[in-house]
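Undergrad: Sharing a structure below in structure tokens format, with a few things to ask.
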Amino acid sequence: MKFLSRSAEETQIIGFSLGKLLKSQGVVCLYGELGAGKTTFVKGIAQALGIPESNVTSASFTIIVEYDNEIPLYHIDLYRIEKEANIDGAGIWDYIYSEGITVIEWAERLGKVPDDFIKVKFAIIDEVTRDITIEGIDEKDWNYM
Ligand SMILES: Nc1ncnc2c1ncn2[C@@H]1O[C@H](COP(=O)(O)OP(=O)(O)OP(=O)(O)O)[C@@H](O)[C@H]1O
Ligand SMILES: [Mg+2]
Numbered sequence: 006m007k008f009l010s011r012s013a014e015e016t017q018i019i020g021f022s023l024g025k026l027l028k029s030q031g032v033v034c035l036y037g038e039l040g041a042g043k044t045t046f047v048k049g050i051a052q053a054l055g056i057p058e059s060n061v062t063s064a065s066f067t068i069i070v071e072y073d074n075e076i077p078l079y080h081i082d083l084y085r086i087e088k089e090a091n092i093d094g095a096g097i098w099d100y101i102y103s104e105g106i107t108v109i110e111w112a113e114r115l116g117k118v119p120d121d122f123i124k125v126k127f128a129i130i131d132e133v134t135r136d137i138t139i140e141g142i143d144e145k146d147w148n149y150m
């Protein structure tokens with residue numbers, strides 16, 4: 006599925022719409038350069054799960070932020086992780102396979118991921134416009150909210 010987002014708010018709404026489709030366990034990989042809108046999108050997913058969006062900030066410095074919630078959310082940011090060995094060392098795969106939703110910024114660092122992971126690719130078109138492609142969800146389930 007392809008979207009053209011013309012504001013941060015719109016990107017958040019697309020994240021929200023995806024969040025509403027998620028089951029109690031799943032992985033969402035986010036790809037795209039600095040400032041592409043990944044964290045903005047995570048705010049929308051969090052909101053859909055009942056987590057206040059204001060609680061969601063960039064996870065760059067912490068690598069993993071856990072949100073205690075009915076459906077737990079793990080917000081991972083691999084920007085600062087360079088090597089696969091470090092990813093294993095941080096126990097990233099344990100989060101990925103635990104109960105709950107795991108959202109991963111800079112998923113490029115993971116290398117190849119299983120086909121059942123949802124993939125969201127962001128491209129910067131101009132200052133306020135982003136191209137967002139979502140793979141791994143059924144278009145007929147989608148409700149734009
Ligand atoms: N259409 C848009 N969608 C998302 N963000 C937008 C859009 N237009 C402008 N922006 C701005 O771009 C920035 C996106 O920041 P955000 O932290 O979400 O990016 P990021 O991909 O998480 O970056 P990083 O790689 O540093 O973590 C924000 O300042 C936001 O206001
Ligand atoms: Mg970010």
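Using the working numbering, you'd call the opening residue of the sequence shown number 6 and step up by one each time. Beta carbons are placed, not taken as given, at the ideal position from N, Cα and C, and that holds for glycine.
1) Any idea what DSSP makes of A64, helix, strand or coil?
2) So is the beta-carbon of L39 under 6 Å away from any non-hydrogen atom of ligand 1?
3) For V133, verify whether its CB is less than 6 Å away from any heavy atom of ligand 1.
4) One question on the structure: do V108 and I69 come within less than 7 Å of each other, judged by their Cβ atoms?
5) Within the same chain, show all residues whose beta-carbon is closer than 6 Å to that of T138, passing over the 5 residues directly before and after it, in chain order.
6) Let me confirm a value: E110 is counted as buried when at least 16 other C-beta atoms fall within 10 Å, else exposed. Which label applies?
TA: Answer, in terms of the structure:
1) coil
2) yes
3) Answer for V133: yes, Cβ within range of ligand 1.
4) No. Outside cutoff.
5) K7, K126
6) buried
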